Amino acid sequence: MPFTIAIDGPAASGKGTIARALARQFGFAHLDTGLLYRAVGAKRGDPVAAARSLAPEDLARDDLRSAEAGQAASRVAAIPEVRAALVEFQRRFARSEPGAVLDGRDIGTVICPGAELKLYVTASDEIRARRRALELGADEARILAELRERDARDAARDVAPMRPAADALLFDTSEMSIEEAVARAIACAREAG
Ligand code: C5P
């Protein structure tokens, strides 16, 4: 049986870094599910058709990391048919052998409710904005406003809103270094396995 790790949380909380480190540590496959919504948001035309016809080359566009792509992703992510079109691919990925790490907003609640380990990673708004501003070389105040707008939309939508699963371990990385957050996540995974 494959081992599935679900990592959810708001934008720039550190979940992607933790997910990549866990995948490397255990030799698991890793899926950044935010990239799926970013790719759908970046395609022209009807987002539902875009989600149904998503192809690997759509995920390789180099403009997907921008703040604008994040906003577009969050808008299409509120459309139920867009989410429905992406469920099967994510669930299949979650069954990768010997295991998989998926990070997003609804992995523990909707995509993989039976995951062996669920983490919900957070950090204060200001710290998340600082991290993302450094990463993108962008203005911190603008990023803070953008993150807050996106988190509010992601948490308020009717389908698969961003929230911790009842059995998720809450992980606040505000006061942690990357190394510390990764070490703790690895310890949690060892305990769960
Ligand atoms: O994680 P990332 O910031 O790349 O996600 C971009 C957007 O995609 C999020 O703001 C959210 O609206 C959407 N998303 C989602 N469900 C996921 C992953 C991302 O709704 N599992």
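For the sequence shown, the tail end lands on 211 under the working numbering, and the numbers increase by one without skipping. No residue lacks a Cβ here, since even glycine has one placed at the ideal position from N, Cα and C. None of the values given here were measured: they were computed from a predicted structure.
Would you call the CB atoms of residue i and residue j closer than 7 Å?
i	j	result
GLY52	THR140	no
ALA37	ASP121	yes
ALA170	ILE161	no
ALA201	LEU40	no
THR22	ALA103	no
PRO65	VAL105	no
Skipping 5 residues on each side, what residues in its chain have a beta carbon closer than 6 Å to that of residue i?
i	result
ALA47	SER114 and ALA118
ARG56	LEU82, ALA87 and ALA91
ALA68	VAL58 and LYS61
LEU137	ILE25, LEU187 and PHE189
Under 6 Å: does the beta carbon of residue i sit that close to some heavy atom of the ligand C5P?
i	result
TYR55	yes
ASP80	no
THR127	no
GLY45	no
ALA163	no
SER192	no
ASP124	yes
SER92	yes
ASP172	yes
THR11	The chain is shown only over 19 to 211; residue 11 falls outside these bounds and no answer can be derived.
What's the gap between the Cα of residue i and the Cα of residue j?
i	j	result
ASP157	LEU187	32 Å
ILE204	GLY45	12 Å
ALA183	VAL128	9 Å
ARG148	THR191	13 Å
MET19	GLY155	42 Å
GLU164	LEU72	26 Å
ARG146	ARG175	22 Å
LEU54	ARG168	16 Å
PRO179	ILE196	27 Å
Quick one: what's got a C-beta closer than 8 Å to residue i's C-beta in the same chain, skipping five residues either side?
i	result
ARG109	ILE129 and CYS130
Within its chain, find whatever has a CB closer than 7 Å to the CB of residue i; leave out the 5 residues flanking it on each side and keep chain order.
i	result
SER31	VAL139, THR140, ALA141, ARG146 and THR191
GLY34	ASP50 and ASP121
request  = Let me know the alpha helix (DSSP H) ranges lying completely inside the stretch 99-136, each 4 residues or longer, listed in chain order.
outcome  = Complete alpha helix (DSSP H) runs here, min 4: none at all.
task = Note down, one range per segment and in chain order, each beta strand (DSSP E) of at least 3 residues found wholly within the stretch 175-202.
result = You should have 187-190.
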